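Numbering (my numbering), first residue to last: 5 to 292. We put the beta carbon where it would ideally sit given N, CA and C, even for glycine. All of these numbers come straight from a predicted model, not from anything done at the bench. Notes to accompany the following structure.
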Amino acid sequence: MAANIINGKIIAKQIIKEIAVRIQQRSAEGKRALGLAVILVGQSNPASRIYVDSKRRACKEAGIISKSYDLPVFTSEDQLLSLIDQLNTDNTIDGILVQLPLPEGINNINILEHISPGKDVDGFHPYNIGRLCQRAPKLCPCTPRGIITMLERCKINTYGLNALVVGASNIVGRPMALELLLAGCTTTITHCFTKNLRNHVENADMVIAAVGKPHCIPGNWIKPGAIVIDVGINRLDNGQVIGDVEFDVAVERASWITPVPGGVGPMTVAALIQNTIQAYEKFSDIQF
5 MAANIINGKI IAKQIIKEIA VRIQQRSAEG KRALGLAVIL VGQSNPASRI YVDSKRRACK
65 EAGIISKSYD LPVFTSEDQL LSLIDQLNTD NTIDGILVQL PLPEGINNIN ILEHISPGKD
125 VDGFHPYNIG RLCQRAPKLC PCTPRGIITM LERCKINTYG LNALVVGASN IVGRPMALEL
185 LLAGCTTTIT HCFTKNLRNH VENADMVIAA VGKPHCIPGN WIKPGAIVID VGINRLDNGQ
245 VIGDVEFDVA VERASWITPV PGGVGPMTVA ALIQNTIQAY EKFSDIQF
């Protein structure tokens with residue numbers, strides 16, 4: 005029996021619609037508009053351009069003012085830090101997003117640590133990651149948060165599941181493992197040194213694939229009835245976009261599965277919008 009396909013586009017659209025209503029209510033009460041600063045350094049990476057544009061569109065739909073800072077590729081680290089300093093103290097800006105990857109010569113860690121934790125709507129600041137580790141999350145990384153929200157909206161009970169995260173990146177894999185612990189899962193995370201990946205996949209009740217390699221997880225590895233969340237976005241030479249999991253085979257074995265595209269991607273954007281209104285409502289007056 006084929007799996008239930010999780011339509012991230014529909015769920016994300018509903019979340020943004022709900023947030024738009026909250027923002028309209030605040031506007032009617034005479035409260036100021038929300039502001040999100042979106043910084044893109046260089047435009048040589050087409051994927052970055054696409055992601056930034058999708059985030060800006062979502063802001064418009066939600067009623068958030070998106071302020072664009074498209075900087076040339078030769079921007080220095082000091083110049084970028086100076087801009088972040090200005091935005092950190094700008095009371096009309098609730099969230100600051102710096103699109104990764106950054107050009108060579110700019111240290112990602114220095115930039116992310118310079119953003120005020122209360123405006124860190126990407127959830128990458130050590131303060132916010134630390135809060136997640138301590139089971140007291142504030143602003144969480146967007147892709148893991150989007151995935152958890154998606155599971156909740158589908159009323160999928162995660163408590164007691166053996167969950168496997170394939171990939172240990174700082175952006176998805178590691179924070180995803182922390183989110184799954186909070187969701188009651190027994191969590192395993194695999195990486196480039198993991199031996200016998202197939203065995204781990206075959207025994208998992210839920211697989212979150214976040215590697216970035218097309219079809220690196222064959223569909224016949226999926227445990228019958230498992231939940232499959234595919235974070236991978238891989239563009240082939242023919243222009244086709246596919247995930248990390250062999251979808252056509254996995255869909256016949258899983259109980260729930262996300263497609264690529266149209267699964268996790270829209271939820272990442274929706275989580276960014278959620279983080280922005282959370283920053284506005286809870287952290288705008290807090291000093292870090």
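C-alpha distance - residue i paired with residue j, whole-angstrom precision
i, j, result
"Gly3", "Asp89", "Absent from the model: residue 3. The displayed extent of the chain is 5 to 292, so no value can be given."
"Asp241", "Asp98", "39 Å"
"Lys217", "Gln29", "44 Å"
"Gly243", "Ala172", "27 Å"
"Gly247", "Asn95", "40 Å"
"Met154", "Ile19", "10 Å"
"Leu184", "Thr190", "8 Å"
"Val169", "Glu33", "44 Å"
"Glu156", "Arg139", "18 Å"
"Ala258", "Lys227", "7 Å"
"Gly67", "Thr198", "45 Å"
"Thr192", "Leu101", "30 Å"
"Arg178", "Pro145", "10 Å"
"Val253", "Ile113", "39 Å"
"Thr93", "Arg60", "22 Å"
"Ile115", "Gly266", "30 Å"
"Ile212", "Val235", "7 Å"
"Tyr55", "Ile233", "20 Å"
"Asp264", "Val245", "Contrary to the premise, residue 264 reads as Val rather than Asp in this sequence. Cα-Cα distance, rounded: 7 Å."
Closest Cα partner of residue i within the set the options
i, options, result
"Cys196", "Ser80, Ala24 and Val215", "Val215"
"Ile43", "Ala37, Arg30, Pro105 and Ile20", "Pro105"
"Glu108", "Ala187, Glu81 and Ala213", "Glu81"
"Asn166", "Tyr55, Ala181, Val102 and Gln18", "Ala181"
"Val273", "Asp126, Glu285 and Arg139", "Asp126"
"Val176", "Glu117, Val205 and Ile133", "Ile133"
"His204", "Gly39, Ile9, Ala230 and Asn92", "Ala230"
"Leu38", "Val25, Ala62 and Ile69", "Ile69"
"Met5", "Ala275, Val255, Lys286 and Pro265", "Val255"
"Ile14", "Met271, Asp252, Pro141 and Glu206", "Met271"
"Asn174", "Ser52, Ile233, Arg135 and Pro148", "Pro148"
"Gly164", "Ser58, Lys17 and Gly188", "Gly188"
Limits of the alpha helix (DSSP H) - the one that residue i falls within
i, result
"Tyr284", "No alpha helix (DSSP H) holds Tyr284; DSSP gives it neither H nor E."
"Leu182", "Gly177 to Leu186"
"Asn375", "The chain is shown from 5 up to 292; residue 375 falls before or after that span and cannot be answered."
"Leu201", "Leu201 to Glu206"
"Cys146", "Cys146 to Arg157"
"Phe251", "Phe251 to Ala254"
Boundaries of the beta strand (DSSP E) in which residue i is found, first to last residue
i, result
"Ala213", "Met210 to Ala213"
"Leu101", "Gly99 to Val102"
"Gly39", "Gly39 to Val45"
"Val264", "Premise fails: Val264 is in no beta strand (DSSP E) and is neither H nor E."
"Ile193", "Thr190 to Thr194"
Secondary structure of residue i, DSSP reduced to three states
i, result
"Tyr73", "strand"
"Asn114", "helix"
"Asn92", "helix"
"Ile15", "helix"
"Val25", "helix"
"Ile133", "helix"
"Thr272", "helix"
"Ile295", "Residue 295 is absent from the model: the chain starts at 5 and stops at 292."
"Ile233", "strand"
"Asn279", "helix"
"Asn224", "helix"
"Arg257", "coil"
"Ile246", "strand"
"Arg36", "coil"
Proximal residues to residue i (C-beta, below 7 Å), its chain only, five neighbours per side dropped
i, result
"Gln282", "Leu143"
"Gly269", "Gly12 and Ile237"
"Lys21", "none"
"Ile290", "Its pLDDT being 47, under 50, Ile290 is placed unreliably by the model, and the measurement read from it follows with that caveat. Here the set comprises Gly122."
"Pro141", "Arg135"
Residues near residue i in its chain [Cβ-Cβ closer than 6 Å; skip 5 each side]
i, result
"Glu250", "His219, Pro222 and Gly223"
"Asn161", "none"
"Ile23", "Ala66, Ile277 and Ile281"
"Leu91", "Ala41, Ile97 and Ile100"
"Gln83", "none"
"Arg202", "Trp225"
Beta-carbon proximity list for residue i, same chain, < 8 Å, skipping 5 on both sides
i, result
"Arg36", "Thr96"
"Val77", "Val45, Gly46, Gln47, Ser48 and Pro107"
"Tyr73", "Ala41, Val42, Ile43, Leu44 and Leu87"
"Phe292", "For Phe292, the predicted structure reports a pLDDT of 37, less than 50, and the residue's modelled location is therefore unreliable. A value from the coordinates is still provided. Ser120, Pro121, Gly122 and Tyr131."
Neighbour flag for residue i against chain B, beta carbons, 8 Å
i, result
"Gly67", "Going by chain labels, chain B is absent from the structure shown, which holds only one protein chain."
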